[in-house]
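Student: My structure is below; once you've seen it, I'll send some questions.
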Amino acid sequence: MKPFLLNAALAVALGFAAGAQAADVWQKVEVTPGQYPVKVGDTQKLVAPSCAFGQPYSFYVKPGKADKVLLYLNGGGACWNYQTCKIVPGQQASYVPSADVANDPNQMAGLLDAEDPDNPYKNWTMVFVSYCTGDVFLGSKDTVYQNPFNPDPTDTVAIKHRGFDNFLYVVDYFKRERKNKFSPLNAGGVDINKILVAGSSAGSYGAALNYPWVQKMLGKDAKVSLLSDGGMGVITDGFLAFGVFGPGSGWNINTNLHPIFKTLPAAPAADFLPRAYRTLAAQYPKERFAQYTTAYDVVQKLFLNIMEQNDGIPADQVSGFGSWSFRMNTIAGGLKAALPKNYRAYIDPGCNHTIFRFDEFYTSALNGIRFVDWAKAIVTNDTADWQNLSCTPGVDCGEQNLTQAGVLACLARSFGTP
């Protein structure tokens, strides 16, 4: 079998381009390759920041109010076996392997545009965690994947799944720089009062599953909210069993999950992310958690189809938009019922993927509530905008636009093509 390649219509960068900001308000931090000790609570962990093929890792910071922090985990696909990790020159892979591609917040809009006067977080200190490891920020392992369909032992692909290492390095760096009197991030002795942990696409999974580590490393006395964008957890049992938790898993996720998630490896796919959110809500009952998606997110459906094909389902039998949407709504509905006090969902019409990096962050609205106000309400006491909001499937969720042209338009917008 050949490596899984995205449809020719997806032969575009796995970047998520949007309007560039007028000036480079975000400052790039380049990490010298090597091993670094990171303090996680009372323990020390040795991390090796890197991108997928050993390229140097980098990330961005934007100084702001010392007591308010936005920690954003970027997206950019995923890979978990030879078929998904192998990159063929001239053809599109399913993940971004470099911190220098699709990882510059100065080129992004929405939540990350600190110059937009309507941005409720524009004055916060911001940290942008670049993504280039294909492991949704959960990996700390160098893995060599062998082509299972070719006996040639040289037919392999070596990946540095170091997303968890990168995440820990960035958080530890930020924590140290707050105490550095010569750093633009110096807090001047001011404690953090509010933290918004946010993530898009692959980063939304990393944000949720690494949330307890943020609490432990930064959030001792802070209100820590979680806002997920474009990652609803519609995945397969095969993906979990063989790609994430199985004996051949290339990510080393079991070692990196916080102890509160000890039951996650036993969760079926349909309950994997819901169980994570229920665990978070139980462990942190005073915090708020929220998810955003469109009703027919084309990229989330695409990755479900990749998982299904890797599980052996023929390409002409993979899930369609209706099936993905039904499963997504089942997850959101279950969480809304189970966590009425501190969980909310916002389900937009259409098939676009993610909103944080786009102008729709300001223009989307449901039931008279703008998304930007909904995204602000998670860190305030505003109950009027803190609601579950959704289009109605079959009525106004944009089903009429799920044509070939409509889906291609969603792909073009989501991947930043004209």
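According to this note's numbering, the sequence shown is numbered sequentially starting from 88.
Glycine is no exception: its CB is placed at the ideal position from the N, C-alpha and C atoms.
Since the structure is predicted, the reported quantities are computational estimates derived from the model, not experimental observations.
#1: Write down every uninterrupted run of the beta strand (DSSP E) in the segment 373 to 406 whose length is 3 residues or greater and which is fully enclosed by it, in chain order.
#2: For Leu-283, which of Phe-332, Leu-272 and Gln-302 has the nearest alpha-carbon?
#3: Considering only C-alpha positions, which residue in the set Asn-297, Leu-199 and Ser-312 is nearest to Asp-111?
#4: Restricting to runs no shorter than 3 residues, where is the beta strand (DSSP E) found entirely within the segment 202 to 228?
#5: Does the structure place the segment 245 to 257 close enough to the segment 359 to 374 that three or more beta carbon pairs sit under 8 angstroms?
#6: Which value, in whole angstroms, describes the spacing of the CA atoms of Asn-193 and Pro-238?
#7: With H, G and I counted as helix, E and B as strand and the rest as coil, what does DSSP make of Leu-313?
#8: So, is Glu-117 buried or exposed, given that buried needs 16 or more other C-beta atoms within 10 angstroms?
#9: How is the alpha helix (DSSP H) around Ser-501 delimited, first residue to last?
#10: I'd like to check one pair, Ala-285 with Leu-327: are the Cβ atoms closer than 7 angstroms?
#11: Could you check if Gln-170 is buried or exposed, using at least 16 other CB atoms within 10 Å of its CB as the buried criterion?
#12: Would you call the segment 332 to 352 and the segment 405 to 424 in contact, with 3 or more CB pairs under 8 angstroms?
#13: Find out if the Cβ-Cβ distance for the pair Gly-164, Val-183 is shorter than 7 angstroms.
#14: Closest by CA to Gln-114, which one among Pro-271, Trp-473, Lys-152 and Asn-475?
#15: Excluding the 5 residues flanking Gly-409 on each side, which residues of the same chain have their C-beta closer than 8 angstroms to its C-beta?
#16: Mark Gln-491 as exposed unless 16 or more other C-beta atoms lie within 10 angstroms of its C-beta, in which case mark it buried.
#17: Leaving aside the five residues before and after Ile-456 along the sequence, list all residues of the same chain whose C-beta is less than 7 angstroms from its C-beta, in chain order.
#18: Please state if the CB of Asp-435 and the CB of Thr-381 are separated by a distance shorter than 7 angstroms.
#19: Report buried or exposed for Gln-487, applying the criterion of at least 16 other Cβ atoms within 10 angstroms of its Cβ.
#20: State the beta-bridge partners of Ile-434 as determined by DSSP.
#21: DSSP three-state call for Ser-451: helix, strand or coil?
#22: Taking the alpha carbon of Ala-295 as the reference point, which residue from Lys-155, Pro-480 and Phe-224 has its own alpha carbon closest?
Tutor: Concretely, from the data shown:
#1: Taken in chain order, the unbroken stretches of beta strand (DSSP E) that lie wholly in the segment 373 to 406 and span 3 residues or more are 376 to 381.
#2: Along the sequence shown, one-based indexing puts residue 283 at 196. Nearest C-alpha to Leu-283: Gln-302.
#3: As a first step, residue 111 must be located in the sequence shown, where it is residue number 24. With distances taken between Cα atoms, Asp-111 lies closest to Leu-199.
#4: The segment 202 to 228 contains these whole beta strand (DSSP E) runs: 211 to 216.
#5: Touching, no, given that fewer than three Cβ pairs across the two stretches are closer than 8 angstroms.
#6: Start at 1 with the first residue of the sequence shown, and residue 193 comes out as number 106. Start at 1 with the first residue of the sequence shown, and residue 238 comes out as number 151. About 46 angstroms.
#7: Looking up residue 313 in the sequence shown gives position 226. Note: Leu-313 maps to strand in three-state DSSP.
#8: Taking the sequence shown and counting its residues from 1, the one referred to as residue 117 is at position 30. The residue in question, Glu-117, is exposed, as its Cβ has fewer than 16 Cβ neighbours within 10 Å.
#9: Within the sequence shown, the letter at position 414 stands for residue 501. Counted as a single uninterrupted DSSP element, the alpha helix (DSSP H) harbouring Ser-501 occupies residues 491 to 502.
#10: For the purposes of this step, residue 327 is taken as residue 240 along the sequence shown, with counting starting at 1. For the purposes of this step, residue 285 is taken as residue 198 along the sequence shown, with counting starting at 1. The answer is no: Cβ separation not under 7 angstroms.
#11: Within the sequence shown, numbered from 1, the residue matching residue 170 stands at position 83. Around the beta-carbon of Gln-170, 16 or more other beta-carbon atoms lie within 10 Å, marking it buried.
#12: No: the two stretches stay apart, fewer than three of their Cβ pairs being nearer than 8 angstroms.
#13: Counted from its first residue, the sequence shown places residue 164 at position 77. Counted from its first residue, the sequence shown places residue 183 at position 96. Note that the C-beta distance between Gly-164 and Val-183 is below 7 angstroms.
#14: Translated into positions along the sequence shown, residue 114 becomes position 27. Of the listed residues, the one whose Cα sits closest to Gln-114 is Pro-271.
#15: As a first step, residue 409 must be located in the sequence shown, where it is residue number 322. There are no such residues.
#16: In the sequence shown, counting from the first residue as 1, residue 491 sits at position 404. Its Cβ having fewer than 16 others within 10 Å, Gln-491 is exposed.
#17: By 1-based counting over the sequence shown, the position of residue 456 is 369. Close CB contacts of Ile-456 within its chain, under the 7 angstroms cut and outside five residues either way in sequence, are with Asp-472, Gln-474 and Leu-476 (chain order).
#18: The residue you call residue 381 lines up with position 294 of the sequence shown. The residue you call residue 435 lines up with position 348 of the sequence shown. In this structure, Asp-435 lies closer than 7 angstroms to Thr-381 by Cβ.
#19: The count along the sequence shown starts at 1 and reaches residue 487 at position 400. So Gln-487 counts as exposed.
#20: Along the sequence shown, read from residue 1 onward, the residue named residue 434 stands at position 347. Bridge partners of Ile-434: Thr-380 and Ser-477.
#21: If you number the sequence shown from 1, residue 451 lands on position 364. Residue state for Ser-451 is assigned as coil, using DSSP reduced to three classes.
#22: Walking along the sequence shown from the start, residue 295 turns up at place 208. The candidate whose alpha carbon is nearest that of Ala-295 is Phe-224.
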